[in-house]
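The structure under discussion appears below in the form of structure tokens.
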Amino acid sequence: MTLLITLGEPAGIGPDVMLLAQQKNSEAFHGCVVVSPLAWLQQRAQLLAVDVALVEHSTLAQASDACHDQAGIHCWNPEPQLADGPVLVGHPAAVTADAVVACIRHAAQACLRGEARAMVTAPIEKAVLRNAGFAFPGHTEFLADLAAKAKRSDQQEFAMMLASSVLRVVLLTTHMALRDVPDALSVSETLRILRITHDDLQRRFGIAQPRIAVCGLNPHAGEQGHFGNEESTLLTPAILEARALGMDIADVMPADTLFSAQMRPQFDAVICCYHDQGLIPIKALSFGDAVNVTLGMPFIRTSVDHGTALDRAGTGNVHCGSLLQATLIARSMVEHESVPLQA
Numbered sequence: 059m060t061l062l063i064t065l066g067e068p069a070g071i072g073p074d075v076m077l078l079a080q081q082k083n084s085e086a087f088h089g090c091v092v093v094s095p096l097a098w099l100q101q102r103a104q105l106l107a108v109d110v111a112l113v114e115h116s117t118l119a120q121a122s123d124a125c126h127d128q129a130g131i132h133c134w135n136p137e138p139q140l141a142d143g144p145v146l147v148g149h150p151a152a153v154t155a156d157a158v159v160a161c162i163r164h165a166a167q168a169c170l171r172g173e174a175r176a177m178v179t180a181p182i183e184k185a186v187l188r189n190a191g192f193a194f195p196g197h198t199e200f201l202a203d204l205a206a207k208a209k210r211s212d213q214q215e216f217a218m219m220l221a222s223s224v225l226r227v228v229l230l231t232t233h234m235a236l237r238d239v240p241d242a243l244s245v246s247e248t249l250r251i252l253r254i255t256h257d258d259l260q261r262r263f264g265i266a267q268p269r270i271a272v273c274g275l276n277p278h279a280g281e282q283g284h285f286g287n288e289e290s291t292l293l294t295p296a297i298l299e300a301r302a303l304g305m306d307i308a309d310v311m312p313a314d315t316l317f318s319a320q321m322r323p324q325f326d327a328v329i330c331c332y333h334d335q336g337l338i339p340i341k342a343l344s345f346g347d348a349v350n351v352t353l354g355m356p357f358i359r360t361s362v363d364h365g366t367a368l369d370r371a372g373t374g375n376v377h378c379g380s381l382l383q384a385t386l387i388a389r390s391m392v393e394h395e396s397v398p399l400q401a
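Quick look at the structure:
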């Protein structure tokens, strides 16, 4: 089992958390290949005084063999002709943008070809990449586009989950203004997210009969239409269709009670209508240890739940728990995917 890790923005904390997480728990990264120029890790290791063997390989096959047998961090730079610096810690620059995107693209394509089982991503600096011609809102949309092209399809099937040891939330809408959320909701989209969530909980989390909750959009889940009717016109019809397909979906519930200590353990995942409805509770409960999981893709992808933290890069004052958990969850998902589900 080979897992691939991309460092994201080299001027941010991606290299830091990779080095510190490996130092904290080297066994968790057994069988992992970092898709990156070696220089990005070498520079940061020297700055942080981290003593670890850093080895660069010319092919993924060589790196995959070595990472299962030899200690240290094993790197594969898929396009060494691209500029990898200079990297000024804390100050992103366009010079490395092409290399950042190439590493992500090659890691995803390797997963699509079956040369690796999963990829784990550290944060990118979106503005720098967009200024360099990157035409996607973020990692997820880019990976979904690569997956769709590999299947020669126009459909991009994915959903965004944030997961920790105490809660899993999945978003119906992601990065949009709050005033636009009601118009973005639909029966078909809610059913699609329910289906993707249910299928991945079974196939990649090993949950034979997932129990899924749905947050209402409005206060008190609409209070029987007095505070809005999206619950009755959009969410409930999707739930009924999902039940007809054999999914175990609870009735729409108010968000202010659904995330209570009494209610959370009753569900394997909670579907949330908008970004902060899901991210506030999971970050309040699991800040620094939550993991972003992209559901519905033909390969497993997890990511840290934090940004590039440019002001902390190179200081050593960073928490590496999210990258560690992202790697462990990716490994667990691979293991579940490899074992037939027992009903």
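Whatever position you read off the sequence shown (first residue = 1), add 58 for this note's numbering. Each residue gets a CB set at the ideal place from its N, CA and C atoms; glycine is no exception.
Along the stretch 126 to 199, the alpha helix (DSSP H) occurs as fully enclosed runs of 4 or more residues at 155 to 170, 184 to 189, listed in sequence order. Secondary structure of E215 (DSSP, three-state): coil. C330 has L229 as its beta-bridge partners, per DSSP.
With fewer than 16 other beta carbons inside 10 angstroms of its own, G172 counts as exposed. By the CB criterion at 8 Å, A111 and A129 fall inside the cutoff. The C-alpha of R163 lies about 13 Å from the C-alpha of W134. Here A103 has L77 as same chain residues with Cβ atoms under 6 Å from its own Cβ, once five neighbours each way along the sequence are excluded. Per DSSP, reduced to three states, the secondary structure at H278 is helical. Distance from the Cα of S84 is smallest, within the candidate group V392, S390, M391, L382, for L382.
In the displayed model, M391 falls within a helix according to three-state DSSP.
Closest in alpha carbon position to I265, among T64, K82, E289, V397, is V397. In this structure, DSSP gives R237 a helical state, which the three-state scheme calls helix. In the DSSP assignment, E114 falls outside any alpha helix (DSSP H) and within the unbroken beta strand (DSSP E) covering 112 to 115.
Exclusion of the five residues before and after G354 leaves E215, F216, A217, I254, D257, D258 as the residues of its chain whose Cβ lies within less than 8 Å of its Cβ. DSSP places D306 inside the beta strand (DSSP E), whose first and last residues are 306 to 311. The beta-carbon separation of T366 and G70, rounded to 3 Å, stays under the 8 Å limit for a contact. Judged by DSSP secondary structure, L252 falls within the alpha helix (DSSP H) whose first and last residues are 245 to 261.
Under DSSP, A221 takes part in a beta bridge, and its partners are R226, V349. Setting aside the 5 residues that flank it on each side, M311 is surrounded in the same chain by A271, V272, C273, G274, A279, M321, each with a C-beta closer than 8 Å to its C-beta; the list follows chain order. Listed as beta-bridge partners of S361 by DSSP are T179, N350. At the C-beta level, V159 and L201 stay beyond 8 Å of one another. Following the DSSP letters along the chain, one finds L61 inside the beta strand (DSSP E) bounded by residues 61 to 64. N276 sits buried, since 16 or more C-beta atoms from the chains shown fall within 10 Å of its C-beta.
Shown here, I340 sits in a helix according to DSSP, grouped into three states. Residues of the same chain with a CB within less than 8 Å of the CB of S223, apart from the 5 flanking positions on each side, are S344, D347 in chain order. If you draw a straight line from the Cα of M305 to the Cα of V91, it is about 37 Å long. Using a Cβ distance threshold of 8 Å, T60 and C125 count as a contacting pair.
Between P195 and H233, the C-beta gap is smaller than 8 Å, which places the two residues in contact. Our two residues, E67 and D203, have alpha carbons roughly 20 Å apart in a direct line. Residues of the same chain with a CB within less than 7 Å of the CB of L118, apart from the 5 flanking positions on each side, are V91, W134, A168, E173 in chain order.
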